[in-house]
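**Student:**
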């Protein structure tokens with residue numbers, strides 16, 4: 017059994033993780049990490065995204081994961097959500113394509129049309 021102090025620290029850590037995951041005021045990248053996504057290479061895609069963001073010193077983008085989106089045949093999926101812009105879903109991602117998304121979409125604001133499988137207007 018853990019002490020009350022240990023439980024408080026654990027709760028604070030969990031609350032911070034939830035806060036980061038639910039942060040909506042900045043850019044968010046969501047990677048589909050359901051079984052189908054993982055089997056298609058989503059882990060490697062997520063690692064490439066995080067590595068490229070780190071290489072480019074981009075700290076204000078939250079990278080998170082979600083379960084299956086029901087588009088198994090188009091996995092790995094990556095969603096880019098930027099304030100005031102449509103949510104863009106990229107499909108058939110590879111680590112190389114993920115790095116290009118960081119450079120083109122995140123850094124330069126240019127959507128890579130050939131990778132887009134869905135575009136959804138969001139309310140901000």
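In my numbering, the protein residues as written are 17 to 140. By construction, the Cβ of each residue, glycine as well, lies at the ideal position given by its N, Cα and C atoms.
(1) Using a threshold of 9 Å, state whether the C-beta atoms of residue 133 and residue 97 are closer than that.
(2) I need the boundaries of the alpha helix (DSSP H) containing residue 137, first residue and last residue.
(3) Distance check for residue 74 and residue 127, CA to CA, integer angstroms please.
(4) State yes or no: is the C-beta of residue 110 within less than 9 Å of the C-beta of residue 72?
(5) Label residue 51 either buried or exposed according to how many other C-beta atoms from any shown protein chain fall within 10 Å of its C-beta, with 16 as the threshold for buried.
(6) Which class does residue 128 belong to by DSSP, given the choice of helix, strand or coil?
(7) Can you check DSSP and say which residues form a bridge with residue 95?
(8) Does the distance from the C-beta atom of residue 103 to that of residue 95 stay below 9 Å?
(9) Can you grab the Cα-Cα spacing for the pair residue 55 / residue 88, in whole Å?
(10) Using the Cα positions of residue 130 and residue 67, report the straight-line distance between them to the nearest angstrom.
**Tutor:** According to the data block:
(1) Taking the first residue of the chain shown as 1, we reach residue 133 at position 117. Taking the first residue of the chain shown as 1, we reach residue 97 at position 81. No, these two residues do not count as a Cβ contact at 9 Å.
(2) Within the chain shown, numbered from 1, the residue matching residue 137 stands at position 121. Run containing residue 137: none; DSSP gives neither H nor E here.
(3) Taking the chain shown and counting its residues from 1, the one referred to as residue 127 is at position 111. Taking the chain shown and counting its residues from 1, the one referred to as residue 74 is at position 58. It is roughly 18 Å from the alpha-carbon of residue 127 to the alpha-carbon of residue 74.
(4) For the purposes of this step, residue 110 is taken as residue 94 along the chain shown, with counting starting at 1. For the purposes of this step, residue 72 is taken as residue 56 along the chain shown, with counting starting at 1. No, the pair does not count as a contact, with Cβ atoms beyond the cut-off.
(5) For the purposes of this step, residue 51 is identified with residue 35 of the chain shown, where counting begins at 1. By the neighbour-count rule (16 or more Cβ atoms within 10 Å), residue 51 is not buried but exposed.
(6) The residue you call residue 128 lines up with position 112 of the chain shown. Looking at residue 128 - three-state DSSP - the assignment turns out to be coil, as it is neither helix nor strand.
(7) As a first step, residue 95 must be located in the chain shown, where it is residue number 79. In DSSP, residue 95 forms a bridge with 46, 105.
(8) Residue mapping note: residue 103 aligns to position 87 of the chain shown, counting from 1. Residue mapping note: residue 95 aligns to position 79 of the chain shown, counting from 1. For residue 103 and residue 95, yes; Cβs fall inside 9 Å.
(9) For the purposes of this step, residue 55 is taken as the residue at position 39 of the chain shown. For the purposes of this step, residue 88 is taken as the residue at position 72 of the chain shown. Taking the straight line from one Cα to the other gives about 10 Å.
(10) To locate residue 130, count along the chain shown from 1; it is residue 114. To locate residue 67, count along the chain shown from 1; it is residue 51. Distance between the alpha carbons of residue 130 and residue 67 is about 23 Å.
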